[in-house]
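Taking it in order: structure first as structure tokens, then the write-up.
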Amino acid sequence: MSPVLAGVLQLAALVGALALVHRPLGDYLAAVYSSTRHLRVEKWIYRCIGANPSVQLRWPAYLRSVLAFSLAGVLFLYLLQRVQGSLPLSYGFTSISPHQAFNTAASFVANTNWQSYSGEQSMGHVVQTGGLAVQNFLSAAVGIAVAIALVRGFAGSRTGELGNFWADLVRGLVRVLIPMAVIGALVLVACGVIQNLAGIHEIGQFDGGVQQTNGGAVASQEVIKELGTNGGGYFNANSAHPFENPNGLSNLFEIFLILVIPVSLTRTFGRMVGSTRQGYAILGTMGVIWLGFSALMLWTEFHHGGAALQEAGGAMEGKETRFGVAGSALFSATTTLTSTGAVNSFHSSNTGLGGGLDLLGMMLGEIAPGGVGSGLYGMLIMAVIAVFIAGLMVGRTPEYLGKKIGTREIKFAACYILVTPTLVLGFTAASLALATPPDSILNTAGNSVHGSGAHGFSEVLYAFTSGANNNGSAFAGLNANTQWYNTTIGLAMLLGRFLPMVFVLALAGSLAEQQPVPKTAGTLRTEQPLFAGLLVGAILIITGLTFFPALALGPLAEGLA
């Protein structure tokens with residue numbers, strides 16, 4: 001079988017598997033977040049945290065709950081790293097430095113999982129399992145809760161109420177993420193992913209030295225890392241490590257885990273707003289972008305020029321032979337179009353245009369299908385923008401799902417789409433303009449940016465694009481474990497996660513206060529392919545106008561050289 005055919009078959013298998021689970025899982029999620037019943041274990045949790053799940057919150061109270069809970073998570077994870085040297089099962093690892101502990105705490109609470117450390121050389125089992133893995137669950141549940149709150153804003157009528165954050169959080173954990181993670185972990189263990197509490201042990205001699213490796217509860221962290229679109233690896237090589245991703249079957253299953261909840265949430269959206277066709281329109285928009293990017297990524301990595309690459313059958317530098325070009329390209333496109341950040345190959349070793357696609361996928365806002373929860377609310381914000389553009393073109397008041405998109409709503413949507421570009425471009429410019437940050441660029445080809453060239457520029461741009469969009473993958477070749485990058489990327493992750501949530505919840509509250517307007521002959525049919533096409537165009541044009549100059553200086557310049 002040719003490698004290209006293998007890639008097409010893998011793509012087809014993913015589409016088929018997602019099609020099978022989309023409806024039942026989406027309906028189940030809608031039932032979970034619409035239910036008025038509380039399970040016994042949920043009632044026990046509510047008593048422990050002192051929450052009343054029956055109280056309906058307006059958007060300021062819902063936002064305060066999100067921010068307070070997340071702040072507590074940052075503080076707890078920071079302190080856990082700072083006292084690691086005194087914890088059991090630390091295996092001699094010392095406490096993490098203040099700036100790196102801040103970066104890591106911000107990263108995992110913000111669902112980014114950017115890592116400026118090597119996991120097997122820095123973190124003991126208590127921090128890995130009791131800190132990082134726990135935050136993988138919690139940050140994913142927060143993302144879903146915010147998305148559900150926005151959906152309730154569209155579905156609500158003159159109440160201004162968005163539900164109860166604590167009930168949404170607990171249900172997401174108890175009824176969705178934990179059961180799915182248990183099943184997924186068993187599948188990964190069956191595929192060969194390790195799951196133990198072994199420490200550092202010697203595995204052999206190599207060139208007169210001793211080779212050592214770590215054990216760990218890898219399968220349980222790997223499954224939620226993908227299922228919750230987190231991305232932080234137990235090992236420095238992330239999903240390229242054979243203990244995390246041992247073969248082609250586990251690789252395909254992990255890609256499926258990344259996509260399954262974001263794809264199914266579109267069905268949940270349709271059910272909760274009373275029109276499954278609206279959910280299919282959003283799903284179609286996401287699917288067109290994901291399939292297009294996946295196909296382009298396969299093409300760039302298989303058909304790059306050069307005798308060595310042609311002889312190898314594709315751009316194999318930085319890729320694992322057990323996955324090949326197809327498995328690596330699909331993983332790369334999927335993780336950068338979601339907020340996952342897991343990698344099974346070095347994105348820095350992709351072709352110039354392939355690396356540009358990785359960057360562009362994140363710059364879109366990671367909405368195709370995006371992160372758990374964040375992909376859905378990001379796409380709905382873009383739908384509001386598209387409806388507004390359509391209203392300007394035909395001279396009618398824009399409406400979406402029976403709600404008028406007025407001055408207040410469009411201001412919230414505009415602020416949402418401006419946050420991450422401001423963070424990305426601002427921090428990138430500062431990192432290249434100041435004297436010392438460019439010294440972290442390890443690629444020394446070229447004669448610009450302190451001798452780093454287009455690829456070096458791409459490394460810095462990629463780092464802040466990944467951080468501000470809560471992706472977490474890295475371009476490599478950049479020493480990010482410095483006080484400057486740990487601090488600035490940490491700030492980019494926190495601001496890029498929680499500032500957009502402010503505008504999402506404010507928009508949800510504004511919509512929930514409205515009385516739905518009836519459909520008329522002039523109402524834009526947002527459930528039809530025409531609107532999906534308009535939405536795709538709006539996403540690409542807005543992203544292109546915002547980021548094209550930066551892309552032209554980096555990956556485009558490298559790819560066309």
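Under my numbering, the first residue of the sequence shown carries the number 1, and numbering increases by one thereafter. Ideal Cβ placement from N, Cα and C applies to all residues, glycine included. Being a predicted model, the structure only gives us computed values, none of them experimental.
Taken atom to atom, the span from the alpha-carbon of residue 117 to that of residue 476 is near 12 Å. For residue 211, the enclosing beta strand (DSSP E) has its first and last residue at 209-213. For residue 496, the enclosing alpha helix (DSSP H) begins and ends at 483-512. Within the same chain, and ignoring the five residues on either side of residue 285 in sequence, the residues whose Cβ sits closer than 6 Å to its Cβ are 532, 535 and 536.
Every alpha helix (DSSP H) of 4 residues or more that sits fully in the segment 243-323 is shown, in chain order, as 248-273, 276-302 and 307-312.
Around the beta carbon of residue 152, 16 or more other beta carbons sit within 10 angstroms, so the residue counts as buried. Annotation for residue 290: 337, 368 and 369 place their beta carbon closer than 7 Å to its own, counting only its chain and skipping 5 residues before and after. DSSP places residue 345 in the strand class (E or B) of the three-state scheme. A distance below 7 Å between beta-carbons, with the five flanking residues on each side excluded, links residue 138 to the following residues of its chain, in chain order: 73. Residue state for residue 441 is assigned as strand, using DSSP reduced to three classes. When rounded, the separation of the alpha-carbon atoms in residue 148 and residue 417 is 19 Å. Of the other Cβ atoms in all chains shown, fewer than 16 fall within 10 Å of the Cβ of residue 202; this residue is therefore exposed. Taking the CA atoms as reference points, residue 267 sits about 49 Å from residue 211. One thing to note: residue 111 has its Cβ within 8 Å of the Cβ of residue 470. 8 Å or more divides the Cβ of residue 276 from the Cβ of residue 399.
Here residue 411 carries a helix assignment [DSSP, helix/strand/coil]. Going by beta carbons, residue 237 and residue 185 fall outside the 8 Å limit.
For a cut-off of 8 Å, the C-beta gap from residue 172 to residue 141 is around 4 Å, short enough to register as a contact. For residue 458, the enclosing alpha helix (DSSP H) covers residues 453-468. Per the coordinates, the alpha-carbon of residue 243 lies some 50 Å from the alpha-carbon of residue 390. Close CB contacts of residue 55 within its chain, under the 7 Å cut and outside five residues either way in sequence, are with 164 (chain order). If you draw a straight line from the Cα of residue 412 to the Cα of residue 507, it is about 6 Å long. The straight-line gap separating the alpha-carbon atoms of residue 222 and residue 98 is approximately 26 Å. With fewer than 16 neighbouring CB atoms inside 10 Å of its own CB, residue 518 falls in the exposed class. Annotation for residue 479: 440 and 442 place their beta carbon closer than 7 Å to its own, counting only its chain and skipping 5 residues before and after.
Under the three-pair Cβ rule at 8 Å, the segment 346-363 counts as touching the segment 540-558.
Here the alpha carbon of residue 371 sits roughly 8 Å from the alpha carbon of residue 228. Under the three-state reduction of DSSP output, residue 241 falls in the coil class, being neither helix nor strand. A check of alpha carbon separations from residue 345 across 325, 339 and 352 identifies 325 as the nearest. Here the C-alpha atom of residue 520 lies approximately 18 Å from the C-alpha atom of residue 530. Per DSSP, reduced to three states, the secondary structure at residue 559 is helical. Between the alpha carbons of residue 403 and residue 381 lies a distance of about 13 Å. Per DSSP, residue 164 lies in no alpha helix (DSSP H) and is assigned neither H nor E. When the alpha-carbon of residue 468 is set against those of 83, 491 and 393, the nearest one is in 491.
Per DSSP, reduced to three states, the secondary structure at residue 184 is helical.
Residue range 59-82 is occupied by the alpha helix (DSSP H) that includes residue 64.
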